[in-house]
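Everything below concerns the one structure shown next.
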Amino acid sequence: MNRIDIVYGGKPYSLGGRSIESVQVEIDGALAAGLSFWLRVNSGEGRFEDAYLLIAPGIAVAMVNVKPNGVDHTHDGDEWYEQE
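Just so you know, the numbering used here puts 13 at position 12 of the sequence shown, and the rest follows in order with no gaps.
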């Protein structure tokens, strides 16, 4: 199962069952349209507790794509820094 760890307002949250790419597309689409929205995440450690994070311009959010074995062999990371 996919899990994304999220840091928002200095606090940890998680999101399961989605790819980081799908969340990025959702965030990018809303921000490009000038919209804010609430992202439902889990705030409980060891049990599910819904939390809703406001995603809007100027609000910092960090996402970490958690890999089951801790290593991502699908890319070497260089493409994250390529400029168009």
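C-beta atoms are modelled at their ideal positions from N, C-alpha and C, and glycine is treated no differently.
- State the Cα-Cα distance for the pair residue 58 and residue 46, rounded to the nearest angstrom. As a first step, residue 58 must be located in the sequence shown, where it is residue number 57. As a first step, residue 46 must be located in the sequence shown, where it is residue number 45. Spanning the alpha carbons of residue 58 and residue 46 requires a straight line of approximately 28 Å.
- Rounded to whole angstroms, how far is the Cβ of residue 52 from the Cβ of residue 66, which I believe are closer than 8 Å? Counting from one through the sequence shown, the residue named residue 52 turns up at place 51. Counting from one through the sequence shown, the residue named residue 66 turns up at place 65. Between the beta-carbon of residue 52 and that of residue 66 there is about 19 Å, and that puts the pair past the 8 Å contact cut.
- Query: From what residue to what residue does the beta strand (DSSP E) around residue 17 run?
  - Reply: Translated into the one-based positions of the sequence shown, residue 17 becomes position 16. That run of the beta strand (DSSP E) goes 12-17.
- Message: Considering just the uninterrupted stretch of the alpha helix (DSSP H) at residue 21, what are its terminal residues?
- Response: By 1-based counting over the sequence shown, the position of residue 21 is 20. Residue range 21-33 is occupied by the alpha helix (DSSP H) that includes residue 21.
- Assuming residue 31 contacts residue 23 under a Cβ cut-off of 8 Å, what Cβ separation, rounded to an integer in Å, is found between them? Locating residue 31 in the sequence shown gives position 30, counting from the first residue. Locating residue 23 in the sequence shown gives position 22, counting from the first residue. That belief does not hold up - the Cβ atoms of residue 31 and residue 23 are roughly 13 Å apart, past 8 Å.
- Task: Figure out for me which residue from 9, 64, 54 and 69 has the closest Cα to the Cα of residue 39.
- Result: Stepping through the sequence shown from its first residue, residue 39 is reached at position 38. Of the candidates 9, 64, 54 and 69, the residue whose Cα lies closest to the Cα of residue 39 is 54.
- Below 7 Å CB to CB, which residues in the same chain sit around residue 41 once its five sequence neighbours on both sides are set aside? Against the sequence shown, residue 41 aligns to sequence position 40. So the qualifying residues of the chain are 51 and 53.
- Straight-line CA distance for residue 9 to residue 68? Locating residue 9 in the sequence shown gives position 8, counting from the first residue. Locating residue 68 in the sequence shown gives position 67, counting from the first residue. Taking the straight line from one Cα to the other gives about 20 Å.
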